[in-house]
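Peer 1: Residue numbers for the sequence shown follow the UniProt record's numbering, beginning at 1 and rising by one.
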Amino acid sequence: METLHIAVDQRGVARLTMTRPEVFNAFNEAMIDEMAQAVARLSADPHVRIVVLAGAGKAFSAGADLQWMQRAAQATQDVNLEDARRFAGMLQALADCPKPTLARVHGLALGGGVGLAAACDIALATPDAKFAVSEARFGILPAVIGPYVINAVGPRQARRLALTASRIPASEALALGLVQEVAEDIDAALERWIAELLLNGPGALGEIKALFAQLEVGPVTPAVRELTAQTIARVRMGQEAREGFAAFLAKRPAAWVPHKD
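1) Quick one: using the 10 Å Cβ neighbour count with 16 as the cut-off for buried, is Phe27 buried or exposed?
2) Which residue comes first and which comes last in the beta strand (DSSP E) that contains Ala123?
3) Report the CB separation of Ala189 from Val179 in whole angstroms; it is logged as a contact under 8 Å.
4) Out of Asp83, Ile122, Ala73, Ile6, point me to the one whose CA is closest to Ala56's CA.
5) Quick one: residues in its chain with C-beta nearer than 8 Å to the C-beta of Leu163, no 5 flanking neighbours on either side, listed in chain order?
6) For Gly89, tell me which candidate among Leu197, Gly115, Ala73 has the shortest Cα-Cα distance.
7) Which residue marks the beginning of the alpha helix (DSSP H) containing Leu215, and which one marks its end?
8) Could you tell me the alpha carbon to alpha carbon distance between Ala223 and Leu81, rounded to whole angstroms?
9) Can you tell me where the alpha helix (DSSP H) holding Arg49 begins and where it ends?
10) Can you give the beta carbon distance from Leu161 to Val133, rounded, assuming they're within the 8 Å contact cut?
11) Would you give the residue range spanned by the alpha helix (DSSP H) that Ala44 belongs to?
12) On the DSSP bridge assignment, give the partners of Thr19 in chain order.
13) Would you kindly work out how many angstroms separate the C-alpha atoms of Ala117 and Ala123, rounded to a whole number?
14) On a CA-only basis, which of Leu227, Ser43, Met31, Val39 is nearest Gly206? Give me that one, please.
15) For Glu184, name the three-state secondary structure that DSSP assigns.
16) Looking at the structure shown, is Ile140 part of a helix, part of a strand, or coil, going by DSSP?
17) Span of the alpha helix (DSSP H) holding Leu81?
18) If we ignore side chains and look at the alpha-carbon of each, how far apart do Leu110 and Leu176 end up?
19) Keeping to the same chain, check which residues put their C-beta closer than 6 Å to that of Val100; ignore five residues upstream and five downstream.
20) Roughly how many angstroms lie between the CA atoms of Thr19 and Asn25, to the nearest whole one?
21) Could you name the residues of the same chain whose beta carbon sits closer than 7 Å to that of Ala95, not counting the 5 residues immediately before and after it, in chain order?
22) Along the chain, where does the beta strand (DSSP E) that runs through Thr101 open and close?
23) With a CB to CB cut of under 8 Å and the five nearest residues on each side skipped, what residues in its chain are close to Ser166?
24) Label Leu4 either buried or exposed according to how many other C-beta atoms from any shown protein chain fall within 10 Å of its C-beta, with 16 as the threshold for buried.
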């Protein structure tokens, strides 16, 4: 791929790195297409258990490439709509990835870069990282990333970030819930999160993501109760559940836990 680098280690941890450092990993049509393809490939790979999204160079992602946005502004409505649909599809693919996804944020996360971090399950940041939902500064709005930002920080804070378009420090992003940890040694912190995730059944993690995507804050209706009952009844009859219970009772690591050398 021209805009991404993919590496998968023996544990099944895939590192998906954006490689346009000369433009602070701003994404254009090519990166959007390649990101969608890469996420689909990693999602389907049974060896892959975790996906880490990172940026090469000095920044995580400066969001949309302004030259791309300028081209879009001069195109027809139909071209713009198809372009926006591709971006929306890429973010949805990232959010729907059946493997846990972690964003490694350093430097800047602007506009769509914030959307990428918000679409991941877990985001970590360096103390000097800066975040901004910056689209209004260019006379547009954070439409496609909006749902992911709202899910991450709530409607009112998301509205405030979008309306002001101001940059916030990593400490404020942590307080808002946009990131889950701020660490000087972000790679050591990342390894701690990865180690915790690898203790858990890979199938169970996929089931959690699929179920939680269907649940909303609000009343627990009969339909919701039935969905949750059907899900646990099905999953606990599976091979992974049987192995998990057997390993616990035998006081041994489950088969999916990586062996320590």
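Glycine included, C-beta positions come from ideal geometry on N, C-alpha and C.
Peer 2: Inspection of the coordinates gives the following:
1) buried
2) 122-125
3) Val179 and Ala189 do not touch by the CB rule: their CB atoms are close to 11 Å apart, not below 8 Å.
4) Ile6
5) Ala136
6) Gly115
7) From DSSP, Leu215 is part of no alpha helix (DSSP H); its letter is neither H nor E.
8) 35 Å
9) The continuous stretches of alpha helix (DSSP H) do not include Arg49, and DSSP gives it neither H nor E.
10) 4 Å
11) 29-44
12) Answer by DSSP bridge pairing: none, since Thr19 is not bridged.
13) 6 Å
14) The option with the nearest alpha carbon to Gly206 is Ser43.
15) Three-state result, Glu184: coil.
16) Reduced to three states, the DSSP call for Ile140 is coil.
17) 77-96
18) 16 Å
19) According to the sequence as given, residue 100 is Pro; it is not Val. Once the five neighbours on either side are set aside, the close Cβ partners of Pro100 are Ile50, Asp121, Leu197, Leu205.
20) 6 Å
21) Ala119, Tyr148
22) 101-105
23) Ala132
24) buried
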